[in-house]
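Novice: Provided herewith is a single structure, encoded as structure tokens, for subsequent inquiry.
Residue numbers (the working numbering), protein chains in the order written: chain Y, 20 to 406; chain B, 55 to 409.
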């Protein structure tokens, strides 16, 4: 069995379109330093550093850990760079946790980032590849037909996505770090925003952000001594499947279902809607909330949209299972960090440290990330208690 | 903590240009042979898969995503990836086994360096504000390092040529080597310099290829009935990126990693060192305190063929081969990343009891 480990420090930058005031290293250091401050530790207390980000082409720096070691106080220590597409922020947290859960290290620092203003993610994602179909469409163009298929199958009303877009931005307005601050957003405003990739409107899409998120993960002995409440890691899981194969279920991917079943089993969760207090789930395009509600077992297949429309996932409507209280990916999206932000925000909730977007009394939370063609999944469950 | 063993290792031929073969086609034959060696059918038969690759070699984002196509990941598998040499994927996999979430793992690395200008591509790995804009290529930086060695009287050009000559001769016994042959030290010294003081022979060649390893708990390895070598230690360590702030004539991080991996608790029969330039083999051997009792790079090392993102993993595999063949009892494998040996990983392998 894995050794117990817990999040004992969290640091995030403010998310925004362009952080022209800091270098790439400065951006990471800002988040890392805040995590150390939160944990009341110094650089010397860290045994290893694990970083993650999406493709190197987003900033144009190859294997950036080589350059970032000095800024992250890593000289003379092990440093690892994880890259698993959009799920990377989550995977990086899991790999960092494994450094401690394996008993190999006592306390590690993990940082995930993206400084998207350094380049153009749409371009970096759309390079033509020899021998492969060229999808010059970015992520939205890839996911739009899958969303249309969900709408056809579930017979969901047309405005479910609009509702998610409003709900997550209202959540984001409670979170001072969120990139988009839209406290007055309305269904009408979202509906009237221009269509990017039918049925995804501009305001139903995530922004492009600069930002970094960091966590300090410690073993049981050190977490017990931490001055602030730790977020105990109760389950960890990853799954991958190929982008395309005959008969692949793209709307409700098997890899996501398997990953959720694995992490729930470890955390003793049988009914996620009932057992969990909240969830931070990777929803870069609004319709992915109802789709993931089903994929993650919060609702039967074809009925995820009903939870959304009932307000079950809304903090403002007093929902029983609030999703993305931080504003989610729809409010801030430094791609490589977005998964780790989900994991860190889940941890903030169970530490009782989520400020104005705190779910009262949250004891158990899910952090979720996905990437590629909805084929890479990373999840963890964190709790206020050890078991 | 459970003892972990290597049970299979395969590498493709190291070739200067794989032509129209894409990454999946590079990987698949290697994986097929690796599974065959372990008596397994596919990635479904191991508990975890981890790979190492670099998008910039392919010139497109997500090089590793198509790699998943080579795995037969239906139903879905537990899988991860590092944008590093696959030796670090091995490291991640070992943590996964130590934490009890897997009893076995497949690790693979692949790189097709031929389509681009590798030394120039690697210049974009440097500090993006102060160094990368200068486009200092990886060979030029290594040449500066070699010049420091020569100027300080730590090596001679003949010492470097001896490394090359031995590498090429050893590579004659390595069926996957790209460069091999019976060339003398004087033959090497007769070559013109390329980027002074380096001759072309002092530099590892541009290579395409892949390699793969399967590891398992010793219990699992025995249950499979496979010959194995035990990984008794593995550690890695990075140094400052600022080339002016570290002693380029030494490799402190290699020594630290080796000490923490427990290299010095026994005799080292064989060492496979990832030295892309001849003088770096000397730096590494000295940093590790290796003497004549250790055979260095019997495979020819990466001067005989350098599979970017897989060479570090292949070093581990080569030591495994020596141990299971009974040619060595104990050995170390080294992997490196970054300019002038900035980041180093050391694995210690031993013959298993009853193996």
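Beta carbons: idealized from backbone N, C-alpha and C, even for Gly.
From a predicted model like this one, the values you see are computed outputs, not experimental measurements.
Considering just the uninterrupted stretch of the alpha helix (DSSP H) at residue 87(B), what are its terminal residues?
Specialist: Counted from its first residue, the second chain places residue 87(B) at position 33. Taken as a continuous stretch (DSSP letters only), the alpha helix (DSSP H) holding residue 87(B) covers 77-92.
Novice: Let me know the secondary structure DSSP gives residue 165(B) once reduced to three states.
Specialist: Position 111 of the second chain, counted from the first residue, corresponds to residue 165(B). Residue 165(B): strand per DSSP, three-state reduction.
Novice: I want to see whether chain Y comes within less than 8 Å of residue 115(B), judged by CB atoms only; does it?
Specialist: For the purposes of this step, residue 115(B) is taken as residue 61 along the second chain, with counting starting at 1. It does: the Cβ of residue 115(B) has a partner Cβ on chain Y nearer than 8 Å.
Novice: Give the straight-line distance between the Cα atoms of residue 246(B) and residue 76(B), rounded to the nearest whole angstrom.
Specialist: Taking the first residue of the second chain as 1, we reach residue 246(B) at position 192. Taking the first residue of the second chain as 1, we reach residue 76(B) at position 22. So the alpha carbons of these two residues sit roughly 35 Å apart.
Novice: Does residue 150(B) get closer than 8 Å to chain Y when you measure Cβ to Cβ?
Specialist: Within the second chain, numbered from 1, the residue matching residue 150(B) stands at position 96. For residue 150(B), the answer is yes, since a Cβ of chain Y falls inside 8 Å of its Cβ.
Novice: Shortest alpha-carbon distance to residue 323(B) belongs to which of 402(B), 197(B) and 108(B)?
Specialist: As a first step, residue 323(B) is located in the second chain; it is residue number 269 there, counting from the start. Comparing Cα-Cα distances from residue 323(B) to each of 402(B), 197(B) and 108(B), the minimum goes to 402(B).
Novice: If you measure from the beta carbon of residue 389(B) to each beta carbon in chain Y, is any gap under 8 Å?
Specialist: Translated into positions along the second chain, residue 389(B) becomes position 335. False, the Cβ-Cβ gap to chain Y never drops below 8 Å.
Novice: Taking the continuous alpha helix (DSSP H) assigned at residue 111(B), which residues delimit it?
Specialist: For the purposes of this step, residue 111(B) is identified with residue 57 of the second chain, where counting begins at 1. Run containing residue 111(B): 109-112, per the alpha helix (DSSP H) assignment.
Novice: Going along chain Y, which residues have a C-beta under 7 Å from residue 83(B)?
Specialist: Start at 1 with the first residue of the second chain, and residue 83(B) comes out as number 29. Simply none; closest approach about 17 Å.
Novice: Excluding five sequence neighbours on each side, which residues of the same chain lie with their C-beta closer than 7 Å to the C-beta of residue 69(Y)?
Specialist: Sequence index remark: in the first chain, residue 69(Y) carries index 50 (1-based). Contacts found: 99, 101, 111, 114, 115, 118, 127 and 129.
Novice: Which residues bound the beta strand (DSSP E) around residue 212(B)?
Specialist: On the second chain, residue 212(B) is found 158 positions in, with the first residue counted as 1. Per DSSP, residue 212(B) belongs to no beta strand (DSSP E); it is in the alpha helix (DSSP H), 211-225.
Novice: What does residue 183(B) reach in chain Y if we use C-beta pairs closer than 8 Å?
Specialist: On the second chain, residue 183(B) is found 129 positions in, with the first residue counted as 1. The answer, in chain order, is 42.
Novice: Between 81(B), 302(B), 174(B) and 382(B), which has its C-alpha nearest residue 284(B)'s C-alpha?
Specialist: Reading the second chain from its first residue, position 230 is the one you call residue 284(B). Ranking the options by Cα distance to residue 284(B), first place goes to 382(B).
Novice: Mind checking residue 221(Y): buried by the 16 CB within 10 Å criterion, or exposed?
Specialist: Residue 221(Y) sits at position 202 when you count from the first residue of the first chain. Exposed.
Novice: Run down chain B in chain order and give the residues with a C-beta less than 9 Å from the C-beta of residue 274(Y).
Specialist: Residue 274(Y) sits at position 255 when you count from the first residue of the first chain. Near residue 274(Y) (Cβ distances below 9 Å), the residues of chain B are 127, 129, 130 and 131.
Novice: Among 370(Y), 366(Y) and 311(Y), which one has its Cα closest to the Cα of residue 180(Y)?
Specialist: Your numbering for residue 180(Y) matches position 161 in the first chain. Among 370(Y), 366(Y) and 311(Y), the Cα nearest to that of residue 180(Y) is on 311(Y).
Novice: So, residue 352(Y) versus residue 226(Y), is the Cβ gap smaller than 8 Å?
Specialist: If you number the first chain from 1, residue 352(Y) lands on position 333. If you number the first chain from 1, residue 226(Y) lands on position 207. Their beta carbons are under 8 Å apart, which means residue 352(Y) touches residue 226(Y) by this criterion.
Novice: Of all the CB atoms in chain Y, is at least one closer than 8 Å to the CB of residue 29(B)?
Specialist: The question about residue 29(B) has no answer, for chain B in this structure spans 55 to 409.
Novice: Please decide whether residue 120(Y) counts as near chain B, where near means a Cβ-Cβ distance under 8 Å.
Specialist: Taking the first residue of the first chain as position 1, residue 120(Y) is located at position 101. Taking Cβ atoms only, chain B reaches closer than 8 Å to residue 120(Y), which makes this a yes.
Novice: Within this structure, are the beta carbons of residue 368(B) and residue 218(B) separated by less than 8 Å?
Specialist: As a position in the second chain, residue 368(B) is number 314, starting the count at 1. As a position in the second chain, residue 218(B) is number 164, starting the count at 1. In this structure, residue 218(B) does not lie closer than 8 Å to residue 368(B) by Cβ.
Novice: To the nearest angstrom, how far is the alpha carbon of residue 137(Y) from that of residue 65(B)?
Specialist: For the purposes of this step, residue 137(Y) is taken as the residue at position 118 of the first chain. For the purposes of this step, residue 65(B) is taken as the residue at position 11 of the second chain. Residue 137(Y) and residue 65(B): Cα-Cα distance of roughly 37 Å.
Novice: State the Cα-Cα distance for the pair residue 259(Y) and residue 231(Y), rounded to the nearest angstrom.
Specialist: Numbered from 1 along the first chain, position 240 holds the residue referred to as residue 259(Y). Numbered from 1 along the first chain, position 212 holds the residue referred to as residue 231(Y). Roughly 25 Å separates the two Cα atoms.
Novice: Can you tell which of 275(Y), 245(Y), 237(Y) and 280(Y) has the C-alpha that lies nearest to the C-alpha of residue 121(Y)?
Specialist: Here residue 121(Y) refers to the residue found at position 102 when the first chain is read from its first residue. Out of 275(Y), 245(Y), 237(Y) and 280(Y), 237(Y) has the C-alpha closest to the C-alpha of residue 121(Y).
Novice: Tell me the DSSP secondary structure of residue 45(Y) in three-state form.
Specialist: Looking up residue 45(Y) in the first chain gives position 26. Reduced to three states, the DSSP call for residue 45(Y) is helix.
Novice: Tell me whether residue 74(B) sits in a helix, a strand or coil according to DSSP, three-state version.
Specialist: If you number the second chain from 1, residue 74(B) lands on position 20. Note: residue 74(B) maps to coil in three-state DSSP.
Novice: Using a Cβ distance threshold of 8 Å, determine whether the stretch 340-347 of chain B contacts the stretch 372-389 of chain Y, with at least three qualifying pairs required.
Specialist: Segments in contact, no.
Novice: Would residue 302(Y) pass as a contact of residue 334(Y) if the rule is Cβ separation under 8 Å?
Specialist: Working through the first chain from its first residue, we reach residue 302(Y) at position 283. Working through the first chain from its first residue, we reach residue 334(Y) at position 315. No; because the gap between Cβ atoms is not below 8 Å, this pair is not in contact.
Novice: Mind checking which residues open and close the alpha helix (DSSP H) that includes residue 390(B)?
Specialist: Residue 390(B) sits at position 336 when you count from the first residue of the second chain. That residue, residue 390(B), is in no alpha helix (DSSP H); its beta strand (DSSP E) goes 384-391.
Novice: Are residue 337(B) and residue 303(B) touching if we call contact CB-CB under 8 Å?
Specialist: In the second chain, residue 337(B) corresponds to position 283, counting from 1. In the second chain, residue 303(B) corresponds to position 249, counting from 1. Yes, these two residues count as a Cβ contact at 8 Å.
Novice: Closest Cβ-Cβ distance between residue 396(B) and chain Y: below 8 Å?
Specialist: As a first step, residue 396(B) must be located in the second chain, where it is residue number 342. Residue 396(B) counts as touching chain Y.
Novice: Under a CB-based cut-off of 8 Å, is residue 14(Y) close to chain B?
Specialist: Residue 14(Y) is absent from the model: chain Y starts at 20 and stops at 406.
Novice: With DSSP run on the structure shown, which of helix, strand or coil describes residue 389(Y)?
Specialist: Counted from its first residue, the first chain places residue 389(Y) at position 370. If DSSP states are grouped into helix, strand and coil, residue 389(Y) belongs with the strands.
Novice: With a threshold of 8 Å between beta carbons, is residue 387(Y) in contact with chain B?
Specialist: Working through the first chain from its first residue, we reach residue 387(Y) at position 368. It does not: the Cβ of residue 387(Y) has no partner Cβ on chain B nearer than 8 Å.
Novice: For residue 137(B), tell me which candidate among 109(B), 131(B) and 129(B) has the shortest Cα-Cα distance.
Specialist: Within the second chain, the letter at position 83 stands for residue 137(B). Ranking the options by Cα distance to residue 137(B), first place goes to 109(B).
Novice: Short of 7 Å Cβ to Cβ, which residues in the stretch 86-101 of chain Y face chain B?
Specialist: Within the stretch 86-101 of chain Y, the residues whose Cβ lies closer than 7 Å to some Cβ of chain B are 86, 88, 89, 93, 94, 95, 96, 97, 98, 99, 100 and 101, listed in chain order.
Novice: Name the two residues that bound the continuous alpha helix (DSSP H) containing residue 117(Y).
Specialist: Walking along the first chain from the start, residue 117(Y) turns up at place 98. It spans 107-120 - the alpha helix (DSSP H) in which residue 117(Y) sits, taken as one unbroken run.
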